[in-house]
Structure formats: C-alpha cells, structure tokens
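Under the working numbering, the first residue of the sequence shown is numbered 138, with each subsequent residue one higher.
C-beta atoms are modelled at their ideal positions from N, C-alpha and C, and glycine is treated no differently.
In what follows, a single structure is set out as structure tokens and then discussed.
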Amino acid sequence: MASKSKESEQIVLDVESPDKEKFASFYRSLPSKPETTFRVFDRTDYYTVHDQDALFVAREIFKTMSVVKHFGKGKNSLASVALSKTNFESTVRDLLLVRRYRIEMYRGKPKANQWTLAFTASPGNLQQFEDVLFGNVDMSSSSGLLALNVKNAVGGAAKSVGMAYVDASLRRIFLAQFLDSEQFTNLESAIIQLGPKECLLQAKGGESTCGDSDRIRQVVERSGLLVTERKRGDFSSKDLDQDLTRLLKSDSADVRNQTELALSMNALGAAIRYLELLSDETNFGQFTLEKFDLSQYMKLDSAAVRALNLLPTPNDGGNKSSSLFGLLNRCKTAAGQRLLYQWVKQPLMDKRRIDERLNLVEIFYEDTSLRLALQDGHLKRFPDFYRLAKKLQRQKANLQDCVRVYQGLNRLPALVSVLEDYGDQHKDLLQEVFVSPLSAMKSDFQKFLDLVETTVDLDQVENHEFLIKPEFDDSLQDIRQKMDEINDEMPDILNTAARELGLEANKSIKLECNSQLGYFLRVTKKDEKALRGNKKYHSIDTSARGVRFTFSSLRQLNDEFIKLRENYDELQSHLAAEVIKVAGGYCEPLQSLGDLIAHLDVLVSFAHVSANAPIPYAKPSVLPKGEGLISLIDARHPCLELQDGVVFISNDTEFNKDEAMFHIITGPNMGGKSTYIRQTGLVVLMAQLGCFVPCKEATITVVDSILARVGAGDIQVKGVSTFMAEMLETAAILKCATNDSLIIIDELGRGTSTYDGFGLAWAISQYICEHIKAFCMFATHFHELTTLADVMPLVKNSHVTAITATDSLTLLYKVKSGVCDQSFGIHVAELAHFPLHVVEFSKKKAVELEAMQGFFRHESNLEPSSKRKKADDCYEEIAGLVRHYLEACPSGMGLQDMLLADESVRRILKC
138 MASKSKESEQ IVLDVESPDK EKFASFYRSL PSKPETTFRV FDRTDYYTVH
188 DQDALFVARE IFKTMSVVKH FGKGKNSLAS VALSKTNFES TVRDLLLVRR
238 YRIEMYRGKP KANQWTLAFT ASPGNLQQFE DVLFGNVDMS SSSGLLALNV
288 KNAVGGAAKS VGMAYVDASL RRIFLAQFLD SEQFTNLESA IIQLGPKECL
338 LQAKGGESTC GDSDRIRQVV ERSGLLVTER KRGDFSSKDL DQDLTRLLKS
388 DSADVRNQTE LALSMNALGA AIRYLELLSD ETNFGQFTLE KFDLSQYMKL
438 DSAAVRALNL LPTPNDGGNK SSSLFGLLNR CKTAAGQRLL YQWVKQPLMD
488 KRRIDERLNL VEIFYEDTSL RLALQDGHLK RFPDFYRLAK KLQRQKANLQ
538 DCVRVYQGLN RLPALVSVLE DYGDQHKDLL QEVFVSPLSA MKSDFQKFLD
588 LVETTVDLDQ VENHEFLIKP EFDDSLQDIR QKMDEINDEM PDILNTAARE
638 LGLEANKSIK LECNSQLGYF LRVTKKDEKA LRGNKKYHSI DTSARGVRFT
688 FSSLRQLNDE FIKLRENYDE LQSHLAAEVI KVAGGYCEPL QSLGDLIAHL
738 DVLVSFAHVS ANAPIPYAKP SVLPKGEGLI SLIDARHPCL ELQDGVVFIS
788 NDTEFNKDEA MFHIITGPNM GGKSTYIRQT GLVVLMAQLG CFVPCKEATI
838 TVVDSILARV GAGDIQVKGV STFMAEMLET AAILKCATND SLIIIDELGR
888 GTSTYDGFGL AWAISQYICE HIKAFCMFAT HFHELTTLAD VMPLVKNSHV
938 TAITATDSLT LLYKVKSGVC DQSFGIHVAE LAHFPLHVVE FSKKKAVELE
988 AMQGFFRHES NLEPSSKRKK ADDCYEEIAG LVRHYLEACP SGMGLQDMLL
1038 ADESVRRILK C
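Written out as structure tokens, the structure reads:
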C-alpha cells in the first residue's frame, strides 16, 4: 500500500485509480469547513490530508510541492499529501498548540471508501489527542477553555460578564462573574490571568450577547484565543447540578448555589457540553470547582503583555531571551515550565506572598552549591508527575509509567537531604514550604514503592523491558519455566542443523528469534547452496541478509514456544492492568508532589537567572499598595542587556506620591525612551512575580495594574486605523486605571494633525495627573507637552541625551532631568542615509519654521493681552471638551469623530 523514504519519512501514495476517484468525490461531498480547521484521514499505517490542507503541509512541513499527489482526474482532481506517524504527530502539535487550529480526524474502511468523523480537537479541548501530542514528550504548556456569557447590567451602561474556565487536562474549573465597562477591560485581564487557548461565544443574534458580540470577539481575538461559536441553547444550566455532582471531587468547594454566579453557571453548561466531559467516566469525581478572584493578581491588558514582551511569539526566531518568560525559563521540569508560564501572567498583589517568594529565591541565589545541586543533580531527573498521575487515573498508563514514577520517588530522599543541609538565613521558611511536605510524602509513597518492587522485574528495566516478575504469579512462573526449557533446547537444535549441513554454528548458520516468526535458522547467501536439494529443511524467505529456514524439530518446538509466549503475554497484560489499577489510587498525592517540584523548580530558575545575569540582579524591597513610592537605581532592561554586543546603559527611575508621579520623557528617536519606560514596567512586574530585579537597588510599591499604550498599528481588516487603535487603548486605560496603577504611554496623538494630537496628549496627561493620580511614564515628541510641569506639581520632565556634530549624531542613552533642547529628526534621517538633497531641503524648511515660530513668540510677548488671552481661552475650552468626552464616551464612536462632530470644536479650530 505504501513505501517510506528514510530521509523525509514521506509516505508515497499507491492507491488504485478507481479508489482515488471515489475518495475525491466523497471528500468534495463533505460540508465546507473554516480555514482554521484541519481534516485528517487515518489510513492505519499513515495519514492523509487533502485539498488546501495538503498544500499547507507541503509548504510548511516538507517545504516542497513535489510531495503533492492527486486523487481523481479532471475537475474532480484532489490534491493529497500523506504523513508518516512521526510527521503527523509534529504537525498536530504545531496546529493545536502554536497555530491554534481545530482538527477533525476521520476513520473507517479506506478500500470500501467508508469514512466517519471519529473525533475532533481544538486548542481548548486536547483530551482525545493527548496520547498523540504528549505520548513521547513531557507537556510544557497547558490548555484551557473559556466560555463567556455577557448581558447588560441592570440600570446602567455596564456589562455583566459571566465566565467559566475549564482545564480538562488538569481537571480544574474556575467561575467568575463581574461588572465590566464597554471596553471589557476586566474581561481582557481575566483572559490574560487564566491563559485559555479557546473561547466559546454565543452565535450572533442571541439576546445575552447584549449587542456587543463584535466587541467581545475583538477582545478575545486580540488576546490570541481561537473563537468557537455555539448556539444560544447550549448556554444553559439545565441538568448542570447533576453533571457537577458526577464530575466534582467530594471535597471540592461548593459554589454551585451562589446566585451571583448564574451567568457563569450557564457558561459552564456550554463548556461541559462542548468538551463532552461526561462521556469519559475517568473524569467522574476528579474535577475541582473554585471561584476565581481577579483582584488577587495584577491586572494586565494585552497591550501591556505585548509592550513588555512577557510571552514568546512565533516571530522570536528561536531567541529565548526575547521575552520575559524565555528569559526566566531555566526550569528543568515540564511542570516547572507550565507553572512559570502561569506566574508570568499572574503577578501577585499580596505583599506577604511576594516576600515569601523573594526570601526563597534569596536562599538559592546566595547558596550557589545548593542551586547547582538542585538544577544539575536533582530537578532534571524528576518526571512529569502530574501527567503520569493523570495517565494512571485514566488507566492509560503502562508498566513503564509506573517505573518512571518509582524512579522519581526514589530520588525524593536525596532531594530532601540536600534541602535539609541548608542552615543559613530563611531556613525555617525552606523547612515549612518544601522540606516538611516532601519528607511527609516519602512515607506516603512507601506502599507504592513496595508495589513496584514486588511486581515489576526491575532487572529487565535496564534492557528497556517492562515486565511483571515471573515469581509474582504461580501461573506466570509456570509458563516462564516451560519457555525457559524450550530456550535451553535451542542450542542443541542449532548444533544438529550445523552438523548435518556441514556449517559452523553461530558463524555460517545462526539461530534467531523475532516476535513474528518465533525461532528460525539463518544462513548467509554464500552458504545457501548447503540447503539445496535437502528436503529436511524448508526455506521461509530470502533477503540480503541471507536465507531464513526451519525444519520439523525446530518447527514443533517453535509452535509450542509461540503458544506459550501468547499465553505469557496475555497473563502479563492482565497482571500489569491490576498493578496500574492499584497505582491509580496514588493520583492525588502524585499531583501534589508534582506541584511541589514545579514550585521549587521555578524559584531555583529565578535564582539562576538573577545570579547569572551580566550584572547580578538585586532583591527588591516591596512596599504595600498605596505607599506611592517606586525607586529604581541603575535599572536595566533584562532582555536587551543579554543581546550580543550590547553594553547596556542603566538609568534611575523615581516616583513619589508627594513629589513626582508623572514623568514626561523627551529626546531623539532611537535614544532609548521606549526602552526606559518599558524596563520600568518589567522591573515592577518581576518584583511582584517574586523574582530579583535588574537594578542596583529597588524599592517598589505594589501596583494593581500595568496598563500600556505603545506603538499601535493599523488593524485594517477590522476597520481600525492607527489613530482609532490608539484612542481605544487610551480610553481603556482611562476607564480602568486607579491611583495604584502603573501607566506606560509611548507616543500619543501621532495618527492625526499636530494640533489635534498635541491637544489630546495634553488633555489626557492632565486628566491622569488630576483625576487618576497613577504612576505614569509618558514618552513623547511633543516638546510643548513639557510645559505641563509648570502647572502640575507632580509632573517631572526627563530627557535622553545625545551629542550632535555637523554630520553626526551620538546617542548616549542616559536619562537626565529636564527638557530636551532640540529635535533630532533630521539627524536620524541622515543616519538612515536619506538622499542629500532631501536632508538639505529639510534643514532649510526647519530653519524657516523655527524663524516663524520665533516671530510669533516675539509678537506674543510684545502684546500679551488680547491675542494671548484669546488663544488661552480657546485652548482651555477644547481641553475641557476633550476631558468631557473621555469621561463620557458613547460606545461605538471614536474620540476624534466626536470632537470633529462638535460645533464648538470646529469653531475653536477655525479661530
């Protein structure tokens, strides 16, 4: 049916032409599918994909179109590509975990052209593909599904959001219900904190979408989730109480009857139906149900996640240090990587928990020998206990999995011993968090260790054979004894044949055994002539390695041996199933052990990164929320300082609620403004993760959110311009920021005219200073904005320094107090090798404009009364209108459109 190329593992299709044409007709008759759905046909030994899916595989997997074959002829011709099992597994991992596609798997009878949809998978529903995805590798990322149910809140413009998060792999359910603004900022933050891969929404037209389905969809897709629409009737809590009774653990928190979670319960009903959790009996009694509190973690919007490069993206090009996760990920276990990925999106708000993490990191930071012993000698040797526990619980494990658990548990005493030997600062904390729980688990698992040692033949593990000991069962031992007796007779069989054929045993003639044929003899092709004409010996087959043959005495013993082996394997399987069933009772303690190992792994990773940075990180001093102080001495950007050939220039940052809360940073392009404000956000976030920070010294007040407006681009397919995207992000910041927030704004107002942009920047800045009073860093090229410091006492000006000469610009990347005294745009154009005549003309026009501005400033100084007063009055009036629209922004209308629609604004601009 198929042959395999060793180099590419590409399967060459060899299907009869009539079958091809029938299959092509069948494929064309299937319902149409979205481009993000991938159809795969299981042909037992290999898999096929067709039409656009085949072209995708050819381009992305094999990097050549030569692998594309065709089923059928003429108009009915169908592009097809076959995948080996290895290529299929890697393709499915990429589709589900990276590209966020759906998979449809068809199985049936290929020759009869009878196919049925066997199962489906999506980024939030990996259950049926877990063996394919993670059978041979540890899973370093988790999956989750979010279901949303949104309605208009009673008596106001607010929205009531009910959400249910289900992680079918980790058997966790979170419910949350909260009020949100029209920008759905709380929803966006919840999505980031939970990290789902897929979102269920009601199909358009349902009442409960509250008329905001498009806006909700934008928020969800902006966060990188795959959107799946379900009919309105699926969002119902009908029979949900009965379903939860079957799914939940007996000691799970009972939040089912809380009336304030009614919307969430409807969403949970949709999630359970979509994931088909009740169809798998191994799910019964395994899930936990909790109420999710958004306020326990720092709020992050998707703009902040992008601006701070918190998570890796496909565009990183394999550079692990291009994101904060990649930088901090020196974990040695898959569970540790999963936990770190979760932590990066969930910076803590509780000072006590932050300090606990920092103190634990300090232990491993200061004690180099302890850190190295854990990373190189212990942590990397532990398996993924959580995944193994789930396989055991679902009865999908094998003896090899039991042995992996056994080997991991045997390493616990050495790990505990290393931790117990630590005797310096924070020893009591280390004892409480890790040593005591791990020590208790050693005794908890003693019976598991005894089970494996009693039942599994550990001597054969070194040969990669995982078998039940023969002496464990009388019947098994009896069969094994008879098989050994036959094995003992085999040398005599070989010697007899060698003597009769005149060949040398174990050289010219050999006795061999395989799983298909059992025992047989082989002679080389050179000595094949010894068999000719000898009717006693019967040839089996001939190959390049020689001739395989047998004779009556060997055949009789071999038949008996094969029968015994079949009985032995059957009894082995039965006994192994019983062992695995008993081992399944250790699921919960194994999961708890996995959590502890992951926790330790992440903290040691933090210490490793902190100690091995180009300049070692410092332990921050964390103040409770509301203290209003952030002081960073010699702060650096943790990712940029690792770039090759970079000597990073450190800078200070000072916030004080009584002196400076709003920093305006000016200076040339490429001068380091963006890096400076981003590194401040990263340092604060790292401190609240519980990690040391890239500073000489750091004192940081806990912030409740980091909100960003940086480098918005066009989203043309959604009809959103650069300026509109900028305004939407800024409106979201102004709606949800508090006086405990950190706001990062990198340029504002560039997508419209200079005067409109400056007016908006001024009004927004003034609003943040007067009303929100948050920590804020504002990088801008509107130098006129720096005069805000003259009227707002908490506004401070800073600039990045540069030195100019006749034909050069030297960027110093140092931030100093005060206002930048000039613009460097033409110098930057020269660095970009603009044509000389363009640069010269630019300089000429700049001189003319500066002279004109100087004239108007002179005239204004000579006659300050009437003209200046009129201009000031106009400015105050438009600034007031901007503030008004920011506070009461109608849905669906951009700020720019509102201002231009206002008659008074047009009158002022005309003046």
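What's the C-alpha gap between lysine 794 and cysteine 913?
11 Å
I need the straight-line Cα distance from alanine 868 to alanine 916, nearest angstrom please.
18 Å
Beta-carbon proximity check, leucine 337 vs leucine 282, cutoff 8 Å:
yes
Does the count of Cβ pairs from the stretch 501 to 518 and the stretch 454 to 466 closer than 8 Å reach three?
no
Just to confirm before moving on: does the CB-CB distance between lysine 482 and leucine 437 stay below 8 Å?
yes
Suppose contacts are defined by Cβ-Cβ distances below 8 Å. Is serine 259 in contact with leucine 363 by that definition?
yes
Which partner residues of phenylalanine 311 appear in the DSSP bridge assignment?
Per DSSP, Tyr302, Glu427.
Please list the segments of the alpha helix (DSSP H) lying wholly inside the stretch 694 to 755, counting only runs of 4 or more residues, in order along the chain.
724 to 748
Could you give the distance in angstroms between the alpha-carbon of lysine 157 and the alpha-carbon of arginine 702?
41 Å
Can you tell me which of the three DSSP states alanine 258 falls into?
strand
Local conformation of glycine 560 per DSSP, three classes
coil
Taking just the CA atoms, how far does threonine 425 sit from serine 576?
26 Å
Do the stretch 900 to 909 and the stretch 924 to 931 make contact, defined as three or more Cβ pairs closer than 8 Å?
yes
Output needed for leucine 769: all residues of its chain with C-beta closer than 7 Å, excluding positions within five of it in sequence on either side, in chain order.
Answer for leucine 769: Asp789, Thr790, Thr817, Val820, Cys832, Ala835, listed in chain order.
Where threonine 592 sits in the DSSP three-state scheme
helix
Neighbourhood of serine 747 by C-beta, 6 Å cutoff - its chain only, sequence neighbours within 5 removed:
Tyr502, Tyr754, Phe829
In three-state DSSP terms, what is glutamate 996?
At glutamate 996, the pLDDT of 44 sits below 50, so the modelled position is not reliable and the matter cannot be decided from this model.
How would you write the range of the alpha helix (DSSP H) that lysine 579 sits in, first residue to last?
Counting along the chain, the alpha helix (DSSP H) containing lysine 579 begins and ends at 573 to 581.
Exposure of phenylalanine 978, with buried meaning 16 or more beta-carbon neighbours within 10 Å:
exposed
For threonine 365, the residue or residues it bridges with in DSSP
Paired residue(s): Leu337.
Could you tell me if arginine 176 is buried or exposed, where buried requires 16 or more neighbouring beta carbons within 10 angstroms of its beta carbon?
With 16 or more neighbouring CB atoms inside 10 Å of its own CB, arginine 176 falls in the buried class.
For valine 719 and arginine 541, I'd like the C-alpha separation in whole angstroms.
16 Å
Determine the DSSP secondary structure at aspartate 156, reduced to helix, strand or coil.
helix
Would leucine 766 pass as a contact of phenylalanine 792 if the rule is Cβ separation under 8 Å?
Taking 8 Å as the Cβ cut-off, leucine 766 and phenylalanine 792 qualify as a contacting pair.
Could you check the C-alpha separation between arginine 369 and glutamine 339 for me, to the nearest Å?
6 Å
Would you say alanine 926 touches the ligand MG, meaning its beta carbon is less than 7 Å from a heavy atom?
This structure does not include the ligand MG; it has no bound ligands of any sort.
Are the CB atoms of valine 932 and cysteine 957 within a distance shorter than 8 Å?
no
Bounding residues of the alpha helix (DSSP H) (the contiguous stretch that carries asparagine 624):
611 to 638
Just the Cα atoms here: how many angstroms apart are threonine 592 and phenylalanine 609?
Going by the C-alpha atoms only, they are around 6 Å apart.
Threonine 322: buried (16+ other C-beta within 10 angstroms of its C-beta) or exposed?
buried
Let's test the definition: count the other Cβ atoms within 10 Å of the Cβ of asparagine 420 and tell me whether it reaches 16, buried, or not, exposed.
Counting Cβ neighbours within 10 Å, asparagine 420 comes out buried, since at least 16 surround it.
Could you check where the alpha helix (DSSP H) with methionine 823 kicks off and where it finishes?
810 to 826
Ordered along the chain, which non-local residues of its own chain (more than five positions away) have a Cβ less than 6 Å from that of leucine 485?
The residues are Ile491, Gln825.
Given that a residue counts as buried once 16 or more other Cβ atoms are within 10 Å of its Cβ, and exposed if not, what is leucine 516?
buried
In whole angstroms, what is the alpha-carbon distance linking alanine 313 and serine 878?
23 Å
Cβ-based burial, serine 203 [other Cβ within 10 Å; buried from 16]:
exposed
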